[in-house]
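Residue numbers (the numbering used here), protein chains in the order written: chain A, 15 to 348; chain B, 15 to 348. Ideal Cβ positions, reconstructed from N, Cα and C, are used throughout, including at glycine. Quantities reported herein were computed from a predicted structural model and do not represent experimental measurements. Taking it in order: structure first as structure tokens, then the write-up.
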DNA sequence: ATGAAAGCGCTAACAT
DNA sequence: ATGTTAGCGCTTTCAT
């Protein structure tokens, strides 16, 4: 067994309260401190966190629930979360949303069980309003990632998907494009809907009318993008295609090229996310960079503020995305 | 405050021992059980895990330490770890190696502190023998990921990097290639060295002599692969290039194409990992698929076996990789 | 089958 | 500044 605070007290000829005090930065006579330090060193003592958690009713762990840890989107966010959490003295435990849904478990149980002090909840899916309400009412320190403040009673953080696409449209418009198509993402994904919203707003702000015929839905995969783009090419003419993410943009480019058309000479294509695919495929794709790491970082910072009582109010943070211009866009051919 | 076992006992007109017994599947009279169940439901009771951890000296958490959570390699592994751990009733906490190194903390402290029951340690770097020894001696349940049993006193799991490249060489040889070059990875990465070993062994087993002039080192990045391949093209002739991973293979292809040479007509190129880049760039890259998810899955299964005493012995598991043939390789032109 | 009591390792009054 | 004591919520003998 590991040594306890009592073993230290005995060896240092003092009481466990004094050792505890020393450990927690309280006032201790220098000579006693020395003896305690020595005992700790000799016995290689480490405080038992579970005893501490029990008595303090504070775990110093942040729970993170996401759809799928292996998704590149999340892995960047998770890295930011983990790094910053540890700076603040917290440890992170990760849960997958799928497992929780399956077992019909309630995330809020994590608080009751003493597993976590705070929770970061991330999902691509549009959230269930009832669930949001349930969580908001609970009063526990929880922050949502990837949800654009659909419920103002909770704290959330996301990037501004709408503005990201507006920037893209303005850029394309500046290149002379007028017939701009949109390969929208799945309608059950909130970011996909927000990007569509950005498409419509961006078009209008440029004095262009979004043509329903030029909007087609696909999933966020390369294959889906390929298929949908082929349909789009069959039914209409356009000079630019705004895709809902980099994966389907990659598929779109392949579809366009497979018909002997060139990107960007004949059709310009844009993506979203700035994933690895956008950077290294040919042509490299003009896209919108999501600050994944910062997203995680700020989420934790904010959560810690909430947990430690500095920020009682609910806030919705919206990070500004950055357009990354590569060679998949060119002047409008007509 | 959350209700405790005592609140349940009171409401159910029994003692906390009986409630505890009920909770842990012990024998309880049916009528008592009913009353306890009802009390639990009414009070929405959830057992406090920290009290339980303290008394049982068992956390049900698996710690995972990796270089960088956001690395695609790890994110797949982590997903496997997380999923299977939760099946076994464990929760995962993730630590980044960097933070630990910086603070000079010892992973083994996690055990002493009662943070974890077991640890999965992953790194690309060649491990410090002293550290390995230290860990081996500790006797704690620890399993290494991504290390090919460099120390037989610890348990480890990895894919067979050597065999993966041997398979590639044999495949290229079957296509008629004789002058085969190797873009090796960084020499401080153990997998890079093993892949080089596979290259040498594979060549010999095909009756080919590995030419030192045809082996060049680069980091595992696209840019690094690009630069190194240009150097290689300047100094020698070859018909196939075996790259240490998909990223540098992607850079290699770009370098080759930038000189007006074609892949695979003039030079065949292979990668390693089966990352997203191998699948969606042009041409798609023939590579070796690492079973990331399975790696994590098996690591956990094995760790649980160790923790629960089923497997006292130290074992080194080597998973067989699978070659994925795409269009970056063709018949040798000469 | 059930309850009383001790104890897991720690913190925090409280008294000295 | 230090020690005594109670208690955090739970499990587990040991009686009954």
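In angstroms, rounded to a whole number, what distance separates the CA positions of residue 181(B) and residue 290(A)? Near 27 Å, if we compare the C-alpha coordinates of residue 290(A) and residue 181(B).
Does DSSP put residue 82(B) in a helix, a strand or coil? DSSP, read as helix, strand or coil, puts residue 82(B) in coil.
Would you say residue 286(A) lies against chain B (beta-carbon separation less than 7 Å)? Closer than 7 Å: no.
Within 9 Å of chain B by C-beta, residues of the region 251-278 of chain A in sequence order: Residues of the region 251-278 of chain A whose Cβ lies closer than 9 Å to any Cβ of chain B, in chain order: 261, 264, 265, 268 and 271.
Got a sec, what are the start and stop residues for the beta strand (DSSP E) residue 231(B) sits in? First-last of the beta strand (DSSP E) with residue 231(B): 229-231.
Within chain A, partners of residue 113(B) - CB distance below 9 Å: Below the 9 Å Cβ cutoff, chain A contributes 96, 97, 100 and 101 as neighbours of residue 113(B), in chain order.
Residue range of the alpha helix (DSSP H) that includes residue 37(B): Its alpha helix (DSSP H) spans residues 30-37.
May I have the straight-line CA-CA distance separating residue 315(B) from residue 27(A), to the nearest angstrom? Going from the Cα of residue 315(B) to the Cα of residue 27(A) covers about 45 Å.
Taking residue 136(A) as the reference, give the member of 184(A), 89(A) and 238(A) with the closest Cα. Just measuring C-alpha positions, the residue of 184(A), 89(A) and 238(A) sitting nearest residue 136(A) is 89(A).
Nearest neighbour of residue 252(B), chosen from 224(B), 195(B) and 199(B) [CA to CA]: Per the Cα distances, 195(B).
Answer yes or no: does any C-beta atom of chain B fall closer than 7 Å to that of residue 330(A)? Not one chain B Cβ lies under 7 Å of residue 330(A).
Strictly under 7 Å for the Cβ-Cβ distance: is residue 93(A) near chain B by that measure? At least one chain B Cβ lies under 7 Å of residue 93(A).
Compare the C-beta of residue 338(A) against all C-beta atoms of chain B and say whether one is closer than 7 Å. Not flagged as an interface residue toward chain B: residue 338(A), since no C-beta distance is shorter than 7 Å.
Taking 7 Å as the CB-CB cut-off, is residue 108(A) touching chain B? Yes, residue 108(A) lies at the interface with chain B (some Cβ there is under 7 Å from its Cβ).
According to the Cβ coordinates, are residue 297(B) and residue 258(B) closer than 7 Å? Their beta carbons are not under 7 Å apart, which means residue 297(B) does not touch residue 258(B) by this criterion.
Does the region 205-215 of chain B come within contact of the region 169-176 of chain B, defined as at least 3 CB pairs closer than 8 Å? Yes, the region 205-215 of chain B is in contact with the region 169-176 of chain B.
Those residues which DSSP pairs with residue 194(B) across a bridge: Paired residue(s): 254(B).
Compare the C-beta of residue 175(B) with all C-beta atoms of chain A and state if any pair is closer than 7 Å. Cβ-Cβ to chain A under 7 Å: no for residue 175(B).
Taking only the alpha-carbon atoms, compute the straight-line gap between residue 285(A) and residue 238(A) and give it to the nearest angstrom. Answer to the nearest angstrom: the Cα atoms are 14 Å apart.
Would you call the region 98-105 of chain B and the region 141-160 of chain B in contact, with 3 or more CB pairs under 8 Å? For the pair of segments examined, the region 98-105 of chain B was found not to touch the region 141-160 of chain B: the number of CB pairs separated by less than 8 Å stays below three.
What are the start and end residues of each continuous beta strand (DSSP E) run of 3 or more residues lying completely inside the region 96-136 of chain B, in chain order? 105-110 and 132-136, all fully within the region 96-136 of chain B.
From the DSSP output, read off the bridge partner residues of residue 282(B). Partner(s): 254(B).
Residue 146(B) versus 165(B), 157(B) and 128(B), residue with shortest Cα-Cα distance: Selected option, being the one with the closest Cα: 165(B).
Measuring CB to CB, does residue 60(B) end up less than 7 Å from residue 119(A)? Result no, Cβ atoms of residue 60(B) and residue 119(A) do not sit closer than 7 Å.
Neighbour list for residue 82(A) in chain B, Cβ cutoff strictly below 7 Å: Correct list: 93.
Is DSSP giving residue 140(B) helix, strand or coil here? Reduced to three states, the DSSP call for residue 140(B) is coil.
Could you tell me the boundaries of the alpha helix (DSSP H) in which residue 21(A) lies? Membership of residue 21(A) in the alpha helix (DSSP H) is indicated by the continuous run 19-25.
Helix or strand or just coil, what does DSSP make of residue 274(A)? Under the three-state reduction of DSSP output, residue 274(A) falls in the coil class, being neither helix nor strand.
Starting from residue 189(B), find everything on chain A with Cβ-Cβ shorter than 9 Å and list it in chain order. Within 9 Å Cβ-Cβ: nothing; residue 189(B) doesn't reach chain A, min ~25 Å.
Going by alpha carbons, who is nearest to residue 310(B) out of 231(B), 184(B), 331(B) and 279(B)? Looking from the CA of residue 310(B), the closest CA among 231(B), 184(B), 331(B) and 279(B) belongs to 331(B).
Cut-off 8 Å between Cβ atoms - residues of its own chain near residue 281(A), not counting five sequence neighbours on either side: Hits under 8 Å: 252, 253, 254, 255, 270 and 275.
Quick check on the burial criterion: 16 or more other C-beta atoms within 10 angstroms. Buried or exposed for residue 63(A)? The residue in question, residue 63(A), is buried, as its Cβ has 16 or more Cβ neighbours within 10 Å.
Could you tell me which uninterrupted beta strand (DSSP E) segments, each at least 3 residues in length, are contained entirely in the region 310-344 of chain B, listed from first to last along the chain? Taken in chain order, the complete beta strand (DSSP E) segments of 3 residues or longer contained in the region 310-344 of chain B are 330-333 and 336-338.
Contact check, residue 240(B) vs residue 265(B) under 8 Å by CB: the rounded distance? Approximately 4 Å separates the beta-carbon atoms of residue 240(B) and residue 265(B); this is inside 8 Å, confirming the contact.
With residue 213(A) and residue 183(A) assumed to form a contact (beta carbons below 8 Å), what rounded beta-carbon distance in angstroms separates them? With a Cβ gap of about 7 Å, residue 213(A) and residue 183(A) count as contacting.
Under 9 Å between beta-carbons, which chain A residues line up against residue 32(B)? List them in chain order, please. Using a Cβ-Cβ cut-off of 9 Å, residue 32(B) is close to nothing in chain A; its nearest Cβ partner there is about 21 Å away.
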